[in-house]
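Notes follow once the structure below has been shown.
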Amino acid sequence: MAKKSNKETTSERVLRVATELFAEKGYDATGVQELSESTGLGRGALYYHIKNKQQLLLSIALRLLENANREARRILASGGSAEDRLHRMAEHLLMDLSTNRSAWITSMRDWQALDEPHRSHVRHLRDEYEQYWQALFDEGAEAGLFRPVHAMQRRAIVGMFTSSYRWIEPAGSLSPKQISELYVSLFLDGLRVRKGD
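Here's what the structure looks like:
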């Protein structure tokens, strides 16, 4: 989540604090009383800003995924080769994973704690995001640049990026952009059509 700002509303503060607590302790291990104490709000005031803990977890996941899908659509429509846009998709995802790491930890690790139909909604948004990657893989294959990418390969490629939430740091020895370039070069080397294929 974004760092606290002077213009942060109470609802934004509740979401930020909840994100940090869920990432640190886990969704199930974080109680409403702890949320109340950490936000400086009594239970009554806290429930004025949230419906329940589930709503907080859903809000965290939706904010990430809706932003990722919005950016993916923008990149898809931005022009350039499929390879160029894959680089941009990868860089955006790694930057977001790094900048919003607590939210990604919570979303990736705890989303299945959501009740239905919210869990299905999150799954649908995740599937939608993968389809934007698939669209670029398909475009590259149609242009004769890449081998066709099976859904299982796509899942492995996107998973290689999203699993980095476990360790990525904004101030690490490699920047998110550098990591994204290493990852993209790894899978593109395997996808490129070579003479004799």
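FYI, the numbering for the sequence shown is 1073 to 1269, going by the numbering used here.
In this text, a Cβ means the ideal position worked out from N, Cα and C, and glycines have one as well.
message: Just verifying my parser: in three-state terms, what is the DSSP assignment at arginine 1219?
response: Secondary structure at arginine 1219: coil, using DSSP grouped into helix, strand and coil.
- request: Within its chain, find whatever has a CB closer than 7 Å to the CB of arginine 1160; leave out the 5 residues flanking it on each side and keep chain order.
  value: Ile1147
- request: Quick one: give me the first and last residue of the alpha helix (DSSP H) that lysine 1249 is part of.
  value: 1248-1263
message: Using a Cβ-Cβ cutoff of less than 8 Å, which residues in the same chain neighbour histidine 1121 once the five nearest sequence positions on both sides are dropped?
response: Thr1082, Ser1083, Val1086 and Leu1113
query: What three-state label does DSSP hand threonine 1082 in the structure shown?
result: helix
message: For the structure I just gave you, are there three or more beta carbon pairs, one from the segment 1223-1242 and one from the segment 1169-1185, closer than 8 Å?
response: yes
Residue burial classification, histidine 1222 (beta-carbon count within 10 angstroms, cutoff 16): exposed
message: Quick check: the segment 1177-1193 against the segment 1126-1134, are at least 3 beta-carbon pairs closer than 8 Å?
response: yes
query: Where does glutamate 1106 sit, in a helix, a strand or coil, going by DSSP?
result: helix
field: Whole-angstrom C-beta distance between leucine 1197 and glutamate 1138, which should lie under 8 Å
entry: 7 Å
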